[in-house]
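Visitor: Residue numbers (our numbering): 421 to 710.
Following this line, the structure appears as structure tokens:
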């Protein structure tokens with residue numbers, strides 16, 4: 421078998437096991453867990469895309485796999501980055517003990533050459549890799565954080581690649597995995613249903629349609645007293661931010677990343693300038709805001 425020439429193949433077995441757990445939960449409890457957690461609390465999809473393809477693979481591989489390479493610099497840098505990740509995710513100060521536990525177990529495994537300690541190091545490292553994608557509030561229901569199992573599966577795979585090849589290949593693989601995971605969302609946003617919809621809300625006529633993610637149409641808002649508002653190639657966040665200024669609104673659904681062209685015209689009595697509250701109410705009525 422071609423895998424016999426490689427080491428640590430039990431890591432691949434764990435990758436398969438955790439992947440199977442993920443798919444079991446997905447297919448049997450899909451109705452309960454259909455929210456896309458990877459986009460939660462991110463407001464700019466292009467930033468999400470660039471981060472997932474370039475920034476996250478580099479930083480996460482240096483953080484979680486950097487300790488397992490020969491470079492002394494990366495062995496020192498890896499625990500420091502791990503502590504920064506934990507603090508950034510507000511996982512609790514107790515979690516800061518985990519890097520120290522891992523280092524202690526590594527020391528014991530090297531000194532006494534006890535194999536199960538080495539595996540425990542790999543498991544804890546992969547567990548933190550899965551947990552780091554969530555905040556404490558997310559960790560209250562297994563049906564909310566079920567993707568942690570596939571992330572741990574990927575963690576075992578990336579660790580196997582690092583140990584058998586090098587960290588550069590694990591970074592490239594991590595980037596390709598993220599591209600694969602985001603591809604359905606990119607396709608959905610790039611090729612939406614662009615049919616024109618017309619809705620009558622509170623004496624307003626609202627006509628709107630979705631635009632492609634990479635549309636070259638200018639992003640702008642035009643207003644005159646005759647035709648009302650014409651909002652072109654903007655996401656709900658763009659619209660709300662333009663009207664609301666520094667006021668915050670949570671955008672945590674893939675639908676918030678669609679771009680729209682919207683015409684808002686008063687049905688009777690002429691047009692008037694919309695306030696932040698008016699715009700928010702209209703966007704909620706046509707299901708562009710929650």
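Idealized CB from N, CA, C, for every residue including glycine.
Keep in mind the model is a prediction, meaning the values are calculated, not measured.
1) Candidates 569, 617, 654 and 623: which alpha carbon is nearest residue 633's?
2) Find out if the Cβ-Cβ distance for the pair residue 683, residue 651 is shorter than 9 Å.
3) Whole angstroms is fine: what's the gap from residue 440's alpha carbon to residue 620's?
4) In whole angstroms, give me the CA-to-CA distance for residue 457 and residue 568.
5) For the beta strand (DSSP E) that contains residue 617, what are its first and last residues?
6) For residue 491, does the count of other Cβ atoms within 10 angstroms reach 16, so buried, or fall short, so exposed?
7) Between the alpha carbons of residue 453 and residue 647, how many angstroms are there, rounded?
8) Any idea if residue 455 is buried or exposed, counting beta-carbon neighbours within 10 angstroms, 16 or more meaning buried?
9) So what's residue 706 in DSSP terms, helix, strand or just coil?
10) Report the partner residues of residue 644 according to the DSSP bridge assignment.
11) Exposed or buried, residue 545, counting other C-beta atoms within 10 Å across all chains shown (16 or more means buried)?
12) When the Cα of residue 615 is compared with those of 698, 433, 553 and 630, which residue comes out closest?
13) Along the beta strand (DSSP E) that carries residue 680, what are the first and last residues, could you check?
14) For residue 451, collect the residues of the same chain with a Cβ closer than 7 Å to its Cβ; drop the 5 residues on either side in sequence, then sort them by chain order.
15) Only counting the same chain, and skipping five residues up and downstream in sequence, which positions put a Cβ closer than 8 Å to that of residue 635?
16) Taking all protein chains shown into account, decide if residue 640 is buried (16 or more other Cβ within 10 angstroms of its Cβ) or exposed.
17) Could you check what DSSP says for residue 697 in three-state terms: helix, strand or coil?
18) Measuring only the C-alpha atoms, how far is residue 443 from residue 486?
19) Using only the alpha-carbon positions, how far apart do residue 500 and residue 494 sit?
20) Return the CA-CA distance between residue 431 and residue 579, expressed in angstroms with no decimal places.
21) Measuring only the C-alpha atoms, how far is residue 657 from residue 700?
22) Let's test the definition: count the other Cβ atoms within 10 Å of the Cβ of residue 702 and tell me whether it reaches 16, buried, or not, exposed.
23) Along the chain, where does the alpha helix (DSSP H) that runs through residue 568 open and close?
24) Report the option in 595, 503 and 497 whose CA atom is closest to the CA atom of residue 476.
25) I'd like the list of long-range same chain contacts for residue 611, defined as Cβ closer than 8 Å, with 5 residues on each side in sequence excluded.
26) Pick out whichever of 709, 613, 645 and 605 has its Cα sitting closest to the Cα of residue 465.
27) With a threshold of 16 other CB atoms inside 10 Å of the CB of residue 721, please say whether the residue is buried or exposed.
28) CB-CB under 6 Å to residue 575, same chain, minus the five flanking residues each way: which ones, in chain order?
29) Can you list, in chain order, the residues of its chain whose CB lies under 6 Å from that of residue 685, leaving out five sequence neighbours each side?
Guide: Put simply:
1) For the purposes of this step, residue 633 is taken as the residue at position 213 of the chain shown. Measuring from the Cα of residue 633, the nearest candidate turns out to be 654.
2) To locate residue 683, count along the chain shown from 1; it is residue 263. To locate residue 651, count along the chain shown from 1; it is residue 231. The answer is yes: Cβ separation under 9 Å.
3) One-based indexing of the chain shown puts residue 440 at position 20. One-based indexing of the chain shown puts residue 620 at position 200. Cα-Cα distance, rounded: 48 Å.
4) The residue labelled residue 457 in the question sits at position 37 within the chain shown. The residue labelled residue 568 in the question sits at position 148 within the chain shown. Reliability fails at residue 457, whose pLDDT of 48 lies under 50, so the model's placement of it is uncertain and the value that follows must be treated cautiously. If you take the alpha carbons of residue 457 and residue 568, they lie about 10 Å apart.
5) Translated into positions along the chain shown, residue 617 becomes position 197. That run of the beta strand (DSSP E) goes 617-621.
6) Here residue 491 corresponds to residue number 71 of the chain shown, with the count starting at 1. Answer is exposed; the Cβ neighbour count stays below 16.
7) For the purposes of this step, residue 453 is taken as residue 33 along the chain shown, with counting starting at 1. For the purposes of this step, residue 647 is taken as residue 227 along the chain shown, with counting starting at 1. Low per-residue confidence applies at residue 453: pLDDT is 44, beneath 50, and the placement is therefore not dependable, though the value from the model is reported in the following sentence. Taking the straight line joining both Cα atoms gives about 43 Å.
8) The residue given as residue 455 occupies position 35 in the chain shown. Any reading at residue 455 needs caution, since the residue's pLDDT is 45, under 50, leaving its predicted position unreliable; the model's value is listed next. Exposed, because fewer than 16 other Cβ atoms sit within 10 Å of the Cβ of residue 455.
9) Residue 706 sits at position 286 when you count from the first residue of the chain shown. Residue 706 falls in the coil class under three-state DSSP.
10) Taking the chain shown and counting its residues from 1, the one referred to as residue 644 is at position 224. In the DSSP output, where bridge partners are listed per residue, residue 644 has 648.
11) Within the chain shown, numbered from 1, the residue matching residue 545 stands at position 125. Buried, since its Cβ has 16 or more Cβ neighbours within 10 Å.
12) Residue numbering aside, residue 615 sits at position 195 when the chain shown is read from its first letter. When only C-alpha atoms are compared, the closest one is 630.
13) Taking the first residue of the chain shown as 1, we reach residue 680 at position 260. It spans 679-686 - the beta strand (DSSP E) in which residue 680 sits, taken as one unbroken run.
14) Here residue 451 refers to the residue found at position 31 when the chain shown is read from its first residue. Annotation note: pLDDT 40 at residue 451 (below 50); position unreliable, coordinate value reported separately. Result list for residue 451: empty, nothing under 7 Å.
15) Numbered from its first residue, the chain shown carries residue 635 at position 215. Closer than 8 Å at Cβ, skipping near neighbours: 653 and 679.
16) For the purposes of this step, residue 640 is identified with residue 220 of the chain shown, where counting begins at 1. With fewer than 16 other Cβ atoms inside 10 Å of its own Cβ, residue 640 counts as exposed.
17) As a position in the chain shown, residue 697 is number 277, starting the count at 1. Residue 697 falls in the helix class under three-state DSSP.
18) Start at 1 with the first residue of the chain shown, and residue 443 comes out as number 23. Start at 1 with the first residue of the chain shown, and residue 486 comes out as number 66. Going from the Cα of residue 443 to the Cα of residue 486 covers about 29 Å.
19) Locating residue 500 in the chain shown gives position 80, where the first residue counts as 1. Locating residue 494 in the chain shown gives position 74, where the first residue counts as 1. The straight-line gap from Cα to Cα measures roughly 10 Å.
20) The residue labelled residue 431 in the question sits at position 11 within the chain shown. The residue labelled residue 579 in the question sits at position 159 within the chain shown. About 8 Å.
21) For the purposes of this step, residue 657 is taken as the residue at position 237 of the chain shown. For the purposes of this step, residue 700 is taken as the residue at position 280 of the chain shown. Cα to Cα, residue 657 sits roughly 11 Å from residue 700.
22) On the chain shown, position 282 is the one that residue 702 refers to. Label assigned to residue 702: buried.
23) In the chain shown, counting from the first residue as 1, residue 568 sits at position 148. 567-584 is the span of the alpha helix (DSSP H), which, as asked, contains residue 568.
24) The residue you call residue 476 lines up with position 56 of the chain shown. Ranking the options by Cα distance to residue 476, first place goes to 595.
25) The residue you call residue 611 lines up with position 191 of the chain shown. Within the same chain, Cβ atoms closer than 8 Å to the Cβ of residue 611 are found at 632, the five residues on either side in sequence being excluded.
26) Residue 465 sits at position 45 when you count from the first residue of the chain shown. It is 605 whose Cα lies nearest to the Cα of residue 465.
27) Look at the range of the chain in this structure, 421 to 710, and you will see that residue 721 is not part of it.
28) Position 155 of the chain shown holds residue 575. Excluding positions up to five away in sequence, the list reads 546 and 549.
29) As a working mapping, residue 685 is identified with position 265 in the chain shown. Answer for residue 685: 625 and 648, listed in chain order.
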